[in-house]
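Participant: Heads up: take any position in the sequence shown, counting from 1, add 82, and you land on my numbering.
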Amino acid sequence: MSRTTKRATRLKEIEEFLLARRRPVPVGDLVRRFGANRSTIYRSLIDLETEWDVPLMHDPPGHVWIDRQHYLTSLRLNRDQTTALFLAARLLARHSDKPNPHAVAVLNKLSLALELVAPHIARHLALTSERLERPLTESQREYLQCLEALTRAWADGVRVILAQREAPDVERLFEPYFIEPIPWGFSTYVIGFDHYRCDLRTFKVERLLWVRLTADTYTIPESFDPYEKLAGAWGVNWGDGGEPTEVVLRFAAGRASERVRETTWHETQRIEALPDGRCLMRVMVGSTQEMKPWIRQWGPDCEVLAPAALRAEIAEEMRRAGELYAT
83 MSRTTKRATR LKEIEEFLLA RRRPVPVGDL VRRFGANRST IYRSLIDLET
133 EWDVPLMHDP PGHVWIDRQH YLTSLRLNRD QTTALFLAAR LLARHSDKPN
183 PHAVAVLNKL SLALELVAPH IARHLALTSE RLERPLTESQ REYLQCLEAL
233 TRAWADGVRV ILAQREAPDV ERLFEPYFIE PIPWGFSTYV IGFDHYRCDL
283 RTFKVERLLW VRLTADTYTI PESFDPYEKL AGAWGVNWGD GGEPTEVVLR
333 FAAGRASERV RETTWHETQR IEALPDGRCL MRVMVGSTQE MKPWIRQWGP
383 DCEVLAPAAL RAEIAEEMRR AGELYAT
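1. When burial is assigned at 16 or more other CB atoms within 10 Å of the CB, is F168 buried or exposed?
2. Rounded to the nearest angstrom, what separates T233 and P137 at their Cα positions?
3. Three or more C-beta pairs under 8 angstroms: does that hold for the stretch 373–387 against the stretch 304–313?
4. Who pairs with A355 in a beta bridge, going by DSSP?
5. Return yes when the Cβ of L387 is within less than 8 angstroms of the Cβ of R343, no when it is not.
6. Could you check whether H277 and F306 sit closer than 8 angstroms to each other, using their CB atoms as the reference points?
7. Give me the Cα-Cα distance between L218 and E224, rounded to the nearest whole angstrom.
8. CB-CB under 8 angstroms to E328, same chain, minus the five flanking residues each way: which ones, in chain order?
9. What are the boundary residues of the beta strand (DSSP E) that I264 is part of?
10. Taking the continuous alpha helix (DSSP H) assigned at C228, which residues delimit it?
11. By Cβ distance below 8 angstroms, which residues in the same chain neighbour P308 in space, the five residues on each side in sequence not counted?
12. If you compare alpha carbons, which of R125, I128 and C384 is closest to S339?
13. Report the option in E354, G321 and D358 whose CA atom is closest to the CA atom of G336.
14. Starting from G110, trace the alpha helix (DSSP H) both ways and give me its first and last residue.
15. Report the rounded CA-to-CA distance for P142 versus Q379, giving the unit in angstroms.
16. Just to confirm the assignment, what range does the beta strand (DSSP E) spanning F285 have?
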């Protein structure tokens with residue numbers, strides 16, 4: 083192995099070692115870990131900062147750590163993977179009602195990186211970025227600050243203290259386990275352990291007043307599986323943990339039935355085509371609350387067959403809506 087290769091390998095190993103640690107590492111630990119003298123380790127750290135642009139912090143003295151907030155990750159993508167990112171960016175642009183400077187920065191970087199290899203995609207990434215680049219209102223700035231703090235806490239494994247707009251005087255100690263966006267309502271939710279209630283809790287980020295980082299660390303339980311829990315939710319409400327409810331809907335023949343059959347709405351769905359052109363859709367959910375707006379949007383083309391309570395609720399809401407247009 084050449085000297086240049088050995089040097090690059092050592093720098094990469096030191097970078098990975100520091101990334102795996104969440105606290106300042108004594109330089110002496112690096113000396114022992116990599117079997118090099120102290121001057122060689124210090125030269126390697128200087129090279130990481132000056133040549134590889136790794137944001138190293140040297141506080142307290144004699145220690146070193148990587149500033150994850152400003153650490154840039156390298157990523158290599160082929161053309162199909164780039165297209166997947168472009169489609170995700172378009173979804174973000176169409177379903178986000180709030181400006182996000184971080185999303186704008188990512189799209190601008192992707193656009194610049196693709197100018198030579200995929201100029202058409204690069205151009206549309208730049209245009210998508212422009213659409214997302216809007217001035218922030220005060221409430222949007224507060225939302226972004228809360229999301230940034232929750233993201234950092236989730237990534238670094240530190241607890242936060244937060245307050246909701248509806249209860250500004252109640253401070254809650256919280257451990258973020260997962261962050262989930264919902265396209266309808268343009269909302270973002272954080273799932274985690276709420277020490278105030280000593281239980282899992284889901285907060286809508288838009289309803290948070292502020293989020294403050296603490297120095298206390300936490301570990302997400304291995305038993306926590308967000309995908310398993312969200313599989314029982316139409317959105318983010320998976321219910322009280324009891325048996326899921328089967329919802330049975332019947333859709334009118336024609337465009338409604340065709341639209342339902344061509345789309346995956348929920349991972350538990352079962353769709354049955356009926357001889358007269360209509361179709362039945364069955365899903366299992368922990369709570370029917372989030373389904374109601376989706377059902378209502380179909381108007382007379384969707385009939386709730388089960389459960390009986392949901393059928394009665396939708397019928398009453400439709401009756402009241404009809405009264406608005408009766409005069």
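Ideal Cβ placement from N, Cα and C applies to all residues, glycine included.
Facilitator: The answer reads as follows:
1. Sequence index remark: in the sequence shown, residue 168 carries index 86 (1-based). F168 is buried by the Cβ-count criterion.
2. Along the sequence shown, read from residue 1 onward, the residue named residue 233 stands at position 151. Along the sequence shown, read from residue 1 onward, the residue named residue 137 stands at position 55. Distance between T233 and P137, taken at the CA atoms: about 19 angstroms.
3. No, the stretch 373–387 does not touch the stretch 304–313.
4. Within the sequence shown, numbered from 1, the residue matching residue 355 stands at position 273. A355 is bridged to C361.
5. Locating residue 343 in the sequence shown gives position 261, where the first residue counts as 1. Locating residue 387 in the sequence shown gives position 305, where the first residue counts as 1. No; because the gap between Cβ atoms is not below 8 angstroms, this pair is not in contact.
6. Translated into the one-based positions of the sequence shown, residue 306 becomes position 224. Translated into the one-based positions of the sequence shown, residue 277 becomes position 195. Using a Cβ distance threshold of 8 angstroms, F306 and H277 do not count as a contacting pair.
7. As a working mapping, residue 218 is identified with position 136 in the sequence shown. As a working mapping, residue 224 is identified with position 142 in the sequence shown. Rounded to whole angstroms, L218 to E224 spans 9 angstroms at the Cα level.
8. As a working mapping, residue 328 is identified with position 246 in the sequence shown. The answer, listed in chain order, is R364, V365, M366, A388 and P389.
9. Locating residue 264 in the sequence shown gives position 182, counting from the first residue. Start and end: A249 to I264.
10. For the purposes of this step, residue 228 is taken as residue 146 along the sequence shown, with counting starting at 1. Counting along the chain, the unbroken alpha helix (DSSP H) around C228 starts and ends at E220 to D238.
11. Walking along the sequence shown from the start, residue 308 turns up at place 226. Residues Y259, F260, E262 and I273 of the same chain have their beta carbon placed closer than 8 angstroms to that of P308, with the five preceding and five following residues left out of the count.
12. Reading the sequence shown from its first residue, position 257 is the one you call residue 339. Ranking R125, I128 and C384 by CA distance to the CA of S339 puts C384 first.
13. Position 254 of the sequence shown holds residue 336. Nearest of E354, G321 and D358 to G336, Cα basis: D358.
14. Indexing the sequence shown from 1 puts residue 110 at position 28. G110 -> alpha helix (DSSP H) spans V109 to F116.
15. Your numbering for residue 142 matches position 60 in the sequence shown. Your numbering for residue 379 matches position 297 in the sequence shown. So the alpha carbons of these two residues sit roughly 58 angstroms apart.
16. Numbered from 1 along the sequence shown, position 203 holds the residue referred to as residue 285. For F285, the enclosing beta strand (DSSP E) begins and ends at D281 to K286.
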